[in-house]
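The structure under discussion appears below in the form of structure tokens.
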Amino acid sequence: MLFEKHRFVSLPPATYARFVLDETKCTGCGRCVKTCPIQLLTLDNGKARPNDRYDSFRCITCQNCASVCPEGAIRIEGTYRVSKGYWKNDHLYSGEKTTPEPLPKYKDKPFDDFAYELTETERVIYNRRSIRLYRKKQVPKEMVRRVIEAGRFAPSAGNNQPWKFIAVQNREVIDEINQKCKNFIKIIMRGTMPKQWLEKRVPGDKDAKLSFGQTLLTNLLIRWRAGELDPRARGGMNTVTSDPDYDIFLGAPTLIILLADKRGIGSIDLDTGICAQNMVLAAHSLGLGTCYIGLIDGLMMYPNYREKLGITPPFEIVTALTLGYPQGRIDKIVSREQARIKWVE
Ligand SMILES: Cc1cc2nc3c(=O)[nH]c(=O)nc-3n(C[C@H](O)[C@H](O)[C@H](O)COP(=O)(O)O)c2cc1C
Ligand code: SF4
Ligand code: SF4
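In case it helps, our numbering puts the sequence shown at residues 1 to 345.
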């Protein structure tokens, strides 16, 4: 259809992953409820359940709830597919999500059956998860330095090493940054989210709709900030702004903001992303947890505050990482979409 790619920009006809609970195993510990980045879960009669938000903002298929569950009570089935309109994606995937299959002879076998045949690096890559449950205990400075050191030795275009790190270990400062980032996200939400959902922790009103002005704005914004308007991202951002207590830094004791010299050779986002992933994997191998926080973007609105933090030209923010000791075991194997590979032989 001629205008197909302009349709359903704000609310696409989508199927989402489903939360499936084995009630006989659930002890009601609440870890899955605390960890879900979209706050889709609740405890009801001592069992984990989807809450009212679940009908409006659906699962990003991260499987973090299943990873943190000590009882193995959760399965996440299915995934996000859109059949038509701007966000159409169902033609871009093949097959089902699967757990890691690095060795063809062990296809369809549980990871633990062949983990011993993998290298230590491979095991770290497959087991690492984003950590959203942290202990209060601070990470000693020498450990933070050790993690940053792994970033320092990342490859970069022309060896230009554009990065700079701001390591924040002061709770009050992390709280201030949290408030400022949330204020910025609220502005985007006001323009692109039904009014009824803005200030409620649980948007139970399933009939809420975008106003005419919001629909227009969404269709305009899509041209240069498509990522923020993705239906899954909007659920995440609504979580953050509708709950006054939500900490985008997840209560982690340390926050590392990654900056880059904007005059860097090639792509500073790519260079600094590679640097960050070196840090994430090193942290995991040291028993520390991390989570990327793209929502740090909100600091762009506060030039004076940025200066106070040491974020001054030519450096600009690329991303941020939380760092801390995980509450119990979280890292686990998950399933992911098939790799899209085109062999040219
Ligand atoms: C660039 C980037 C930005 C992200 N921003 C956030 C964020 O702001 N908040 C959050 O809770 N998770 C954030 N994440 C974590 C993703 O949700 C997570 O990586 C994804 O769901 C896959 O889960 P896994 O990391 O446990 O494998 C971000 C990840 C990346 C790579
Ligand atoms: S898979 Fe992720 S987004 Fe979905 S319910 Fe579990 S924790 Fe929440
Ligand atoms: S983490 Fe597992 S055991 Fe705990 S409430 Fe959630 S499903 Fe139940």
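The beta carbon of each residue, even a glycine, is placed where N, CA and C say it ideally should be.
Spatial distance of residue i from residue j (CA atoms)
| i | j | result |
| --- | --- | --- |
| Arg-7 | Gly-85 | 5 angstroms |
| Gly-72 | Tyr-325 | 22 angstroms |
| Lys-180 | Thr-239 | 16 angstroms |
| Phe-57 | Asn-159 | 42 angstroms |
| Glu-96 | Lys-308 | 48 angstroms |
| Met-301 | Ile-177 | 11 angstroms |
| Phe-153 | Ala-282 | 12 angstroms |
| Asp-331 | Pro-140 | 22 angstroms |
| Gly-78 | Gly-310 | 44 angstroms |
| Arg-223 | Lys-137 | 43 angstroms |
| Val-144 | Leu-11 | 42 angstroms |
| Phe-165 | Ala-226 | 28 angstroms |
| Thr-27 | Gly-328 | 16 angstroms |
| His-91 | Val-173 | 45 angstroms |
| Ala-252 | Asp-243 | 18 angstroms |
| Gly-264 | Leu-270 | 11 angstroms |
| Tyr-126 | Gly-235 | 26 angstroms |
| Arg-201 | Tyr-80 | 23 angstroms |
| Asn-278 | Asp-230 | 28 angstroms |
| Asp-205 | Asn-51 | 12 angstroms |
| Ile-185 | Phe-249 | 14 angstroms |
| Ser-211 | Lys-88 | 23 angstroms |
| Asp-261 | Pro-155 | 15 angstroms |
| Ala-208 | Leu-216 | 17 angstroms |
Unbroken alpha helix (DSSP H) run spanning residue i, endpoints
| i | result |
| --- | --- |
| Ile-174 | 171 to 192 |
| Val-124 | 120 to 127 |
| Cys-291 | Looking at the DSSP string, Cys-291 is not in any alpha helix (DSSP H); the run it does join, the beta strand (DSSP E), is 289 to 292. |
| Ile-268 | 268 to 285 |
| Glu-117 | No alpha helix (DSSP H) contains Glu-117, which DSSP labels as neither H nor E. |
| Asp-55 | 53 to 56 |
| Glu-149 | 141 to 152 |
| Ala-66 | 64 to 68 |
Test item: CB-CB of residue i and residue j under 8 angstroms
| i | j | result |
| --- | --- | --- |
| Tyr-54 | Leu-40 | yes |
| Ala-48 | Cys-32 | yes |
| Leu-259 | Phe-315 | yes |
| Arg-128 | Val-280 | yes |
| Ile-131 | Thr-290 | yes |
| Ser-267 | Ala-115 | no |
| Gln-338 | Thr-98 | yes |
| Pro-203 | Gln-214 | no |
| Ile-188 | Met-237 | yes |
| Leu-133 | Thr-35 | yes |
| Thr-241 | Leu-221 | no |
| Pro-162 | Thr-272 | yes |
| Val-124 | Ser-285 | yes |
| Pro-102 | Glu-120 | no |
| Ile-76 | Ala-17 | yes |
CB-CB length for residue i against residue j, believed under 8 angstroms
| i | j | result |
| --- | --- | --- |
| Leu-299 | Arg-306 | 6 angstroms |
| Pro-104 | Phe-111 | Rounded, the Cβ-Cβ distance is 15 angstroms, inconsistent with contact. |
| Gly-151 | Cys-275 | 4 angstroms |
| Pro-13 | Val-82 | 7 angstroms |
| Thr-218 | Val-9 | 6 angstroms |
| Ile-293 | Thr-312 | Rounded, the Cβ-Cβ distance is 21 angstroms, inconsistent with contact. |
| Ile-74 | Cys-65 | 5 angstroms |
is_contact[residue i, chain C] using C-beta, thresh 8 angstroms
| i | result |
| --- | --- |
| Leu-323 | Any reference to chain C falls outside this structure, which holds one protein chain only. |
Any non-hydrogen atom of ligand 1 closer than 7 angstroms to residue i Cβ
| i | result |
| --- | --- |
| Arg-53 | no |
| Gly-294 | yes |
| Ser-335 | no |
| Cys-62 | yes |
| Ser-130 | yes |
| Pro-69 | The sequence shown places Cys at residue 69, not Pro. Flag unset: Cβ of Cys-69 not near ligand 1. |
| Ile-248 | yes |
Ligand 3 heavy atom lying under 7 angstroms from the CB of residue i
| i | result |
| --- | --- |
| Thr-42 | no |
| Ile-351 | Here the chain has residues from 1 to 345 only, and residue 351 is not among them. |
| Thr-27 | yes |
| Arg-49 | no |
For residue i, the first and last residue of its enclosing beta strand (DSSP E)
| i | result |
| --- | --- |
| Trp-163 | 163 to 168 |
| Leu-258 | 254 to 261 |
| Gly-324 | 315 to 324 |
| Ile-296 | Element bounds for Ile-296: n/a, residue is neither H nor E. |
| Pro-231 | Taken as a continuous stretch (DSSP letters only), Pro-231 belongs to no beta strand (DSSP E), being part of the alpha helix (DSSP H) at 231 to 242. |
| Thr-42 | 41 to 44 |
| Val-33 | Not the beta strand (DSSP E): Val-33 falls in the alpha helix (DSSP H), residues 31 to 35. |
| Pro-303 | First-last for Pro-303: 303 to 309, but that is the alpha helix (DSSP H), not the beta strand (DSSP E). |
| Ala-48 | 47 to 50 |
| Leu-21 | 18 to 21 |
| Ile-76 | 74 to 77 |
Any non-hydrogen atom of ligand 2 within 7 angstroms of residue i CB
| i | result |
| --- | --- |
| Ile-317 | no |
| Gln-161 | no |
| Thr-35 | yes |
| Phe-19 | yes |
| Arg-174 | It is Ile, not Arg, that sits at residue 174 in the sequence shown. Not under cutoff, so the answer is no. |
| Ile-38 | yes |
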